Amino acid sequence: MEANIKSIINAFFILVFLTITGCSATVLPDPEEDEIYSRPNSSSSQSSSDRTPSSTRDSSSRRAAYTKPYKIKGKYYYPLANARGFVQQGIASWYGEQFHGRKTANGEIYNMYGVSAAHKTLPLGTWVRVYNLENSKTLDVRINDRGPFVTGRVIDLSYKAAQMLGVAGPGTAQVKVVALGEATGSDQEGRVVYRPVDYFRGNFTVQVGAFTVKRNAQMEKIKFGRKYINSHINEYTDARGKFYRVRVGRFRDLDTAEQFNQKLTKDGIAKDSFVVAE
2 MEANIKSIIN
12 AFFILVFLTI
22 TGCSATVLPD
32 PEEDEIYSRP
42 NSSSSQSSSD
52 RTPSSTRDSS
62 SRRAAYTKPY
72 KIKGKYYYPL
82 ANARGFVQQG
92 IASWYGEQFH
102 GRKTANGEIY
112 NMYGVSAAHK
122 TLPLGTWVRV
132 YNLENSKTLD
142 VRINDRGPFV
152 TGRVIDLSYK
162 AAQMLGVAGP
172 GTAQVKVVAL
182 GEATGSDQEG
192 RVVYRPVDYF
202 RGNFTVQVGA
212 FTVKRNAQME
222 KIKFGRKYIN
232 SHINEYTDAR
242 GKFYRVRVGR
252 FRDLDTAEQF
262 NQKLTKDGIA
272 KDSFVVAE
């Protein structure tokens, strides 16, 4: 009898909890935001950037995961679907022995004596031309890993690539990174021929919240719509149910979208907003 009473009481509290959460304005993480890479606990002595070894899923799942957002140190990164016209300037660093022989983000084995590089958002497999702005050296490298996750750094070179560019000695250098595309072969003179990575042109927006209750999402949309243009709701359904994702603005390039997102954060208007590709 006592056990039955306890069961009834437990069931009552569960029902109350579900009722409350079903009517609340809970902001939930998108299923897209799950971390798809795990990073090691220790850091490299050659570089202060973090590495992101690939997941242990099968190869088809890994390929599908290449363009999914991933999270490092509480920050989300959104790989680009298109590298056409990509140019970036900043600091290059390198990584070596600690990661030698470990898997990269695309499942390959990192070889510090080979020529490769890591980038936070370029499509894996993209070839880029790196210009060392401090000594005028250039080198073509393929992106097969994610990183570096240090403010201001735009590319992490393998040890060999860093040597060839004159970065290994000083550890870092100011560089310009220009996307070349995918290697399709070589010409009669033995030079690599590249095809621009052209999946589709990216359109970006900033997500400011995800709700389980449509009315709450509509109220959030109205709030942002009073001050910003293109405040809109994107509906998404998965096994957990339907989500109403509130997004603000439409941008043709990632940098502009990120600048807008930083402004929202700096002004205290949005606490956990982030850029997404639409």
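Here the numbering used here = 1-based position in the sequence shown + 1.
Using N, Cα and C, we set each Cβ at its ideal position, and we do this for glycine too.
In this text, all values refer to a predicted model and were calculated from it rather than measured experimentally.
Continuous beta strand (DSSP E) stretch holding residue i: start and end
i           : result
residue 157 : 154-159
residue 252 : 242-252
residue 138 : No beta strand (DSSP E) holds residue 138; DSSP gives it neither H nor E.
residue 210 : 205-212
Alpha helix (DSSP H) segment containing residue i, residue limits
i           : result
residue 265 : 255-267
Beta-carbon proximity of residue i to residue j, cut-off 8 angstroms
i           : j           : result
residue 193 : residue 129 : no
residue 158 : residue 133 : no
residue 213 : residue 242 : yes
residue 91  : residue 147 : no
residue 222 : residue 234 : yes
residue 174 : residue 140 : no
residue 184 : residue 145 : no
residue 126 : residue 103 : no
residue 206 : residue 271 : no
residue 169 : residue 123 : no
residue 150 : residue 74  : yes
residue 255 : residue 81  : yes
Bridge partners - residue i, DSSP secondary structure assignment
i           : result
residue 182 : 128
residue 195 : 184
residue 175 : 92
residue 72  : 77
residue 237 : 244
residue 143 : 128
residue 162 : None; residue 162 has no bridge partner.
Helix, strand or coil at residue i according to DSSP, with G and I counted as helix
i           : result
residue 218 : helix
residue 121 : coil
residue 109 : coil
residue 81  : coil
residue 230 : coil
residue 273 : coil
residue 12  : Annotation note: pLDDT 46 at residue 12 (below 50); position unreliable, coordinate value reported separately. Note: residue 12 maps to helix in three-state DSSP.
residue 24  : The predicted model places residue 24 with a pLDDT of 31, which falls under 50 and marks its position as unreliable, so this point remains unresolved.
residue 169 : coil
residue 150 : coil
residue 98  : helix
residue 225 : helix
residue 189 : coil
Contact set for residue i: own chain, Cβ-Cβ below 6 angstroms, skip 5 residues either direction
i           : result
residue 156 : 93, 118, 120, 178
residue 138 : 166, 167
residue 215 : 245
residue 226 : 232
residue 218 : 212, 234, 245, 247
residue 88  : 179
residue 252 : 205, 258
residue 186 : 194
residue 238 : none
Contact set for residue i: own chain, Cβ-Cβ below 8 angstroms, skip 5 residues either direction
i           : result
residue 277 : 33, 70, 79, 205, 206, 207, 208, 248
residue 113 : 96, 97, 98, 100, 101, 159, 160, 161
residue 236 : 243, 244, 245, 246
residue 110 : 102, 103, 104
Any C-beta of chain B under 8 angstroms from that of residue i
i           : result
residue 232 : In the structure shown, chain B cannot be found, because there is only a single protein chain.
Close beta carbons around residue i, own chain, < 7 angstroms, minus the five adjacent residues each side
i           : result
residue 135 : 174, 175
residue 262 : 207, 274, 275, 276
residue 115 : 159, 161
residue 188 : 194
residue 202 : Any reading at residue 202 must be qualified, since the residue scores a pLDDT of 45, below 50, and its modelled position is unreliable; no value is offered.
residue 196 : 182, 183, 185
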